[in-house]
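A short write-up of the structure that comes next.
In the numbering used here, the protein residues as written are 4 to 720.
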């Protein structure tokens with residue numbers, strides 16, 4: 004309420020209101036001076052309003068008093084509940100932790116006025132999660148409330164936290180959040196064998212180094228805390244066997260060190276000790292973290308099917324492996340005394356099995372089709388092994404083949420960096436942070452490592468600091484740089500990924516020396532600024548480069564013209580040769596080839612000039628009209644051939660022309676002399692050609708041909 008001393012209550016004074024919220028939030032009665040709020044107020048929206056009031060004479064409209072300013076403060080009420088802005092929470096605490104071990108701190112925020120009353124005073128409490136955990140009502144720190152909480156009993160806990168204002172009193176507003184707490188593993192459990200005696204049966208034909216059995220100790224811990232080491236306690240038969248740990252199943256694999264003989268000894272007994280590799284000193288008082296079991300092995304002498312060396316085979320192959328590549332092998336043995344051979348077969352069930360083949364003898368598995376990891380990442384099929392001596396005795400093993408992604412591309416610098424260093428740089432100053440990228444589909448947890456190349460690591464200019472988070476920093480190693488001495492530095496950086504096979508690349512980072520002020524702000528990096536003291540401008544440098552380019556073009560044109568002239572000269576000479584020499588790249592068919600020559604050459608010498616195409620060579624596109632010789636020419640040809648036969652019969656020195664095929668002369672001193680039938684006897688009596696078989700393998704075909712059919716002079720043409 005506003006009131007002026009000059010107001011006598013007769014209605015001569017008028018009150019006015021102006022300022023923040025006047026007319027919209029607050030209004031004033033012009034006659035009485037009463038101020039009213041015309042809408043709801045929210046302190047969290049606006050905590051106070053500044054207003055100005057004045058009393059004015061109703062008749063003269065003049066102020067009766069100077070304008071006065073006053074502030075209306077909005078008093079807070081508890082209308083906002085506490086809120087957990089970071090919830091829900093996830094936390095972990097080691098198992099077997101003592102009471103009061105720190106887990107997590109939660110925090111709730113109340114928008115009410117903390118300076119007025121208890122509206123913003125928050126108290127924390129646990130609604131769900133007791134009696135395992137407790138919370139500090141003031142700080143919100145969650146701690147363990149029970150000792151020796153065991154992860155093997157219960158691993159996950161869900162705790163419901165409440166934050167209530169008004170100091171937790173009745174009528175206060177509350178907010179809740181969830182905290183998921185996981186107990187992490189510690190090595191608080193020793194390995195234990197599920198039974199004290201293990202019985203194994205081993206055929207006497209087992210090979211040295213082969214796995215003859217598996218035993219397992221159970222450790223309820225997780226991860227490295229559950230890793231077990233097996234050892235054979237020295238004793239009866241212990242020197243014949245060895246035991247190793249399967250890192251995937253934590254089983255003890257018993258292997259044969261020396262050969263077994265059923266007739267010599269039929270059974271062996273020894274003890275195996277299982278112990279943890281990673282011990283926790285806090286639990287030494289529990290007892291020794293190891294256990295012992297007895298292994299009894301009986302040597303068998305009986306007919307059995309082939310035995311695979313593993314109960315299951317797991318193989319890996321890269322997706323770009325060529326077809327036919329061997330990716331692994333399965334091994335089965337006949338352990339009987341007879342030791343029969345083993346054959347391998349695919350157990351065909353579906354079309355997936357067609358992607359692989361197996362060698363029936365060796366048991367090697369090879370790819371039969373190209374594999375695509377994005378299409379099928381794993382193949383599962385069975386292999387059957389059978390004995391050759393008894394095919395009914397078979398055994399089956401499961402094979403799992405995992406298709407691996409190929410790491411094809413090396414990592415590179417993700418973006419081209421424009422790196423600069425100040426002339427007044429100090430040692431150890433980071434001038435650039437670089438990142439890397441890989442075109443391959445990087446697996447989860449892919450890491451890139453950065454380092455200088457071997458040739459640059461000895462130079463005292465710059466170094467690379469690998470931050471081990473796929474980034475690296477370029478740091479200076481000198482106290483100051485000079486642009487006059489060297490404007491650009493080329494820093495070779497080797498980036499390597501963590502995939503298989505490991506890929507690496509060398510990336511060159513160009514570092515420009517710049518002039519900077521005392522604060523490190525770059526002022527000039529251009530080339531012209533360096534050469535100005537020498538007297539060379541940018542235009543002069545461009546002119547020099549153009550002259551060099553023109554000279555290079557002239558030299559290239561001159562060399563090209565010289566080569567063209569030489570080529571023309573060679574082509575001319577080759578054309579002259581081709582006018583006189585004809586090259587044939589075909590091979591004759593031997594003495595049985597009767598189509599190698601054109602008999603038309605005997606009819607008329609002009610035919611040789613008119614038609615030079617050989618009969619044993621298929622023409623490309625030429626087609627000739629076939630001229631049928633006159634009937635009377637046949638008599639002339641026959642007379643000509645008979646005349647030539649008579650002349651050759653009389654003249655033994657003339658070369659033979661059997662079926663118009665020419666053969667090279669064998670030379671003087673040949674034991675076989677002439678093989679032509681033209682110089683043979685003209686009688687019709689049968690001749691004996693059995694002596695041809697005595698001349699060796701070179702005349703075998705000729706001896707077989709004349710041995711089957713007698714000589715007939717009428718067949719000579």
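Glycine is no exception: its CB is placed at the ideal position from the N, C-alpha and C atoms.
Of the residues assessed, residue 195 falls on the exposed side of the cut-off, its CB having fewer than 16 other CB atoms within 10 angstroms.
For residue 233, the uninterrupted beta strand (DSSP E) segment begins and ends at 231-236. In this structure, DSSP gives residue 527 an extended state, which the three-state scheme calls strand. For residue 411, the three-state secondary structure derived from DSSP is coil. Distance between residue 122 and residue 168, taken at the CA atoms: about 6 Å. Across the structure, residue 257 and residue 269 are spaced so that their CA atoms are roughly 17 Å apart. Looking at the DSSP output, residue 281 sits in no beta bridge, so it has no partner there. Residue state for residue 707 is assigned as helix, using DSSP reduced to three classes. Within the DSSP secondary-structure output, residue 58 pairs in a beta bridge with 18. Within 10 angstroms of the beta-carbon of residue 425 lie 16 or more other beta-carbons, which makes it buried.
In the three-state reduction of the DSSP assignment, residue 543 falls in the helix class, which pools H, G and I. Boundaries of the beta strand (DSSP E) harbouring residue 465: 465-469, taken from the DSSP string. For residue 195, no beta strand (DSSP E) encloses it, and the DSSP letter there is neither H nor E. One thing to note: residue 514 has its Cβ within 8 Å of the Cβ of residue 423.
Its chain contains 162 as the residues whose beta carbon lies nearer than 6 Å to that of residue 132, once the 5 sequence neighbours on both sides are disregarded; these appear in chain order. Residues of the same chain with a CB within less than 7 Å of the CB of residue 67, apart from the 5 flanking positions on each side, are 7, 9, 16, 58, 59 and 60 in chain order. Here residue 46 has 77 and 79 as same chain residues with Cβ atoms under 6 Å from its own Cβ, once five neighbours each way along the sequence are excluded. A Cβ-Cβ contact shorter than 8 Å links residue 333 with residue 366. Exclusion of the five residues before and after residue 119 leaves 78 and 79 as the residues of its chain whose Cβ lies within less than 8 Å of its Cβ. Under the DSSP assignment, residue 439 falls in the beta strand (DSSP E) whose first and last residues are 433-440. Around the beta carbon of residue 292, 16 or more other beta carbons sit within 10 angstroms, so the residue counts as buried. By the Cβ neighbour-count rule, residue 207 is buried, with 16 or more other Cβ atoms within 10 Å of its own. Look at residue 39 here: in three-state DSSP terms it is strand.
Taking a cut-off of 8 Å for Cβ pairs, the region 497-509 and the region 404-424 touch, as three or more such pairs fall below it. One alpha carbon belongs to residue 370, the other to residue 707, and they sit about 50 Å apart.
Shown here, residue 650 sits in a helix according to DSSP, grouped into three states. Taking the CA atoms as reference points, residue 129 sits about 21 Å from residue 97. Counting C-beta atoms within 10 angstroms of its own C-beta, residue 101 has fewer than 16 neighbours from the protein chains shown and is therefore classed as exposed. Assigned with DSSP and collapsed to three states, residue 454 falls in strand. By the Cβ neighbour-count rule, residue 339 is buried, with 16 or more other Cβ atoms within 10 Å of its own. Taking every protein chain shown into account, the CB of residue 694 has fewer than 16 other CB atoms within 10 angstroms, so this residue is exposed. Straight-line measurement puts the Cα of residue 568 at about 58 Å from the Cα of residue 654. DSSP places residue 381 inside the beta strand (DSSP E), whose first and last residues are 381-390. Taking all protein chains shown into account, residue 65 has fewer than 16 neighbouring C-beta atoms within 10 Å of its C-beta and is therefore exposed.
For residue 360, the enclosing beta strand (DSSP E) begins and ends at 359-361. Comparing alpha-carbon positions, the option among 244, 438 and 485 lying closest to residue 475 turns out to be 438.
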